[in-house]
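Residue numbers are given in UniProt numbering: position 153 of the sequence shown equals residue 153, and the series is strictly consecutive. Built from N, CA and C at the ideal position, the CB exists for glycine as well. As structure tokens, the structure follows; a few thoughts come after it.
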Amino acid sequence: MSVAVALTVYSLTITPLADPELVDTEKTEEGVWTECQGQLPTVGEGLQPAANECLWTFDEYLEMILQFGFTTIFVAAFPLAPLLALLNNIIEIRLDAYKFVTQWRRPLPSQAKDIGIWYGILEGIGILSVITNAFVIAVTSDFIPRLVYAYKYGPCAGQGRAGEGCMMGYVNASLSIFRVSDFEKRSHPRTNGSELFGEAVKYCRYRDYREPPDSAEPYSYTLQFWHVLAARLAFIIVFEHMVFAIKTLIAYLIPDLPKDLRDRMRREKYLIQEMMYEAELERLQKEKNEKKKKKDRAHHKEWP
1 MSVAVALTVY SLTITPLADP ELVDTEKTEE GVWTECQGQL PTVGEGLQPA
51 ANECLWTFDE YLEMILQFGF TTIFVAAFPL APLLALLNNI IEIRLDAYKF
101 VTQWRRPLPS QAKDIGIWYG ILEGIGILSV ITNAFVIAVT SDFIPRLVYA
151 YKYGPCAGQG RAGEGCMMGY VNASLSIFRV SDFEKRSHPR TNGSELFGEA
201 VKYCRYRDYR EPPDSAEPYS YTLQFWHVLA ARLAFIIVFE HMVFAIKTLI
251 AYLIPDLPKD LRDRMRREKY LIQEMMYEAE LERLQKEKNE KKKKKDRAHH
301 KEWP
């Protein structure tokens with residue numbers, strides 16, 4: 001949903017930037033289709049061009065963009081999503097092949113340097129997915145609080161390790177104490193719990209890092225809360241930089257163009273330059289010879 005909304009907002013933001021003199025505001029969707037249809041070759045009897053033949057790749061790109069967005073942005077919340085996307089693509093590529101070969105008329109080929117604006121959208125989704133997954137891991141999971149407890153507050157605190165038995169007492173340390181009598185009148189429990197426990201419940205536990213009600217600053221954040229918060233922020237920064245560094249390293253090790261192809265492109269460019277130099281040299285030599293001939297003729301005419 002977020003990817004679809006982002007694409008919609010993006011389309012709405014770039015539309016007003018078009019030059020009004022270059023946009024035919026009176027042209028309707030039917031007119032655009034009629035103009036596009038006029039550029040298509042004549043079809044045989046019984047064959048009709050597909051309604052999306054002019055922009056037949058748009059839906060295919062949009063489908064892949066949405067799948068890529070949902071798979072990468074929420075992979076930390078649903079790790080099975082990439083596997084399901086792979087299975088879906090294995091089936092869909094066969095269905096698309098059957099559709100293009102047997103159900104649709106073959107679309108018109110057109111030359112394109114790259115995938116255009118879709119590449120920028122993929123790059124943006126990739127960056128957004130790294131940030132989103134970093135926040136999901138740091139904020140919604142127990143990964144960071146458990147590490148902080150193991151290295152700072154648990155039985156193994158100060159030992160520089162977090163092995164077996166280092167998480168003893170973690171549940172008790174992650175729960176704070178609240179006095180039942182401190183409830184507001186409108187949110188006070190209807191019963192005191194005596195019918196279940198035999199005596200009135202005076203305290204309850206809740207998940208947070210706050211001071212007990214009998215402390216000097218009741219219900220204020222403890223030092224452990226700030227340690228956990230700092231660790232979460234540090235994890236987000238380290239995680240993002242590490243992922244982007246790995247991405248940059250992989251992009252450097254696997255270039256877009258192979259080395260042999262780059263060498264052949266450089267050689268082709270060199271040969272073209274040599275041909276241009278030779279042609280220019282030949283032209284200059286020819287002009288020089290013509291000037292010399294004209295000069296010789298003028299000299300012979302002046303001779304008595």
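Would the C-beta of PRO189 count as close to the ligand ADP, meaning under 7 Å from any of its heavy atoms? In the structure shown, the ligand ADP is absent, as is every other ligand, since no ligand is present at all.
Range of the contiguous beta strand (DSSP E) that encloses ILE177: Against the sequence shown, residue 177 aligns to sequence position 177. For ILE177, the enclosing beta strand (DSSP E) begins and ends at 175-179.
Alpha carbon to alpha carbon, what distance is there between ARG267 and MET64? For this step, residue 64 is matched to residue 64 along the sequence shown. For this step, residue 267 is matched to residue 267 along the sequence shown. Spanning the alpha carbons of MET64 and ARG267 requires a straight line of approximately 37 Å.
Is it the case that the stretch 162-177 contacts the stretch 240-260, given that we only count it when at least three CB pairs across the two stretches are under 8 Å? Fewer than three beta-carbon pairs drawn from the stretch 240-260 and the stretch 162-177 are found closer than 8 Å, and the two stretches are therefore not classed as touching.
How far does the alpha helix (DSSP H) with TYR206 in it extend, from its first residue to its last? Looking up residue 206 in the sequence shown gives position 206. DSSP places TYR206 outside any alpha helix (DSSP H); the residue lies instead in the beta strand (DSSP E), whose first and last residues are 203-207.
Report the three-state DSSP secondary structure of ARG186 (helix, strand or coil). Indexing the sequence shown from 1 puts residue 186 at position 186. Three-state DSSP puts ARG186 in a helix.
For GLY116, does the count of other Cβ atoms within 10 angstroms reach 16, so buried, or fall short, so exposed? Taking the sequence shown and counting its residues from 1, the one referred to as residue 116 is at position 116. Under the 10 Å beta carbon count, GLY116 is surrounded by fewer than 16 other beta carbons and is classified as exposed.
Looking at LYS152 and ARG179, is the spacing between their C-beta atoms short of 8 Å? Position 179 of the sequence shown, counted from the start, is the residue given in the question as residue 179. Position 152 of the sequence shown, counted from the start, is the residue given in the question as residue 152. Between ARG179 and LYS152, the C-beta spacing is not below 8 Å.
Kindly give me the distance between the Cβ atoms of VAL139 and PHE244, rounded to whole angstroms, as I take these residues to be in contact under 8 Å. As a first step, residue 139 must be located in the sequence shown, where it is residue number 139. As a first step, residue 244 must be located in the sequence shown, where it is residue number 244. About 20 Å separates the beta carbon of VAL139 from that of PHE244, a gap too long to meet the 8 Å contact definition.
Which two residues bound the contiguous alpha helix (DSSP H) that contains MET64? Reading the sequence shown from its first residue, position 64 is the one you call residue 64. Counting along the chain, MET64 sits inside the alpha helix (DSSP H) bounded by residues 56-73.
Quick check: the Cα distance between GLY154 and GLU240, rounded to an integer number of angstroms? The residue labelled residue 154 in the question sits at position 154 within the sequence shown. The residue labelled residue 240 in the question sits at position 240 within the sequence shown. Rounded to whole angstroms, the gap between the alpha carbons of GLY154 and GLU240 is 28 Å.
Does the beta-carbon of TYR277 have 16 or more other beta-carbons within 10 angstroms, so that it is buried, or is it exposed? In the sequence shown, counting from the first residue as 1, residue 277 sits at position 277. So TYR277 ends up on the exposed side.
With respect to the alpha helix (DSSP H) encompassing GLY126, which residues constitute its N-terminal and C-terminal limits? Your numbering for residue 126 matches position 126 in the sequence shown. From DSSP, the alpha helix (DSSP H) with GLY126 extends over 117-139.
By Cβ distance, which residues of its chain are closer than 8 Å to LYS294, with the 5 residues on each side in sequence left out? As a working note, residue 294 is residue 294 in the sequence shown. Here the set comprises nothing.
Please determine if the stretch 207-226 and the stretch 101-112 are in contact, where contact requires at least 3 C-beta pairs separated by less than 8 Å. Short answer: they don't touch.
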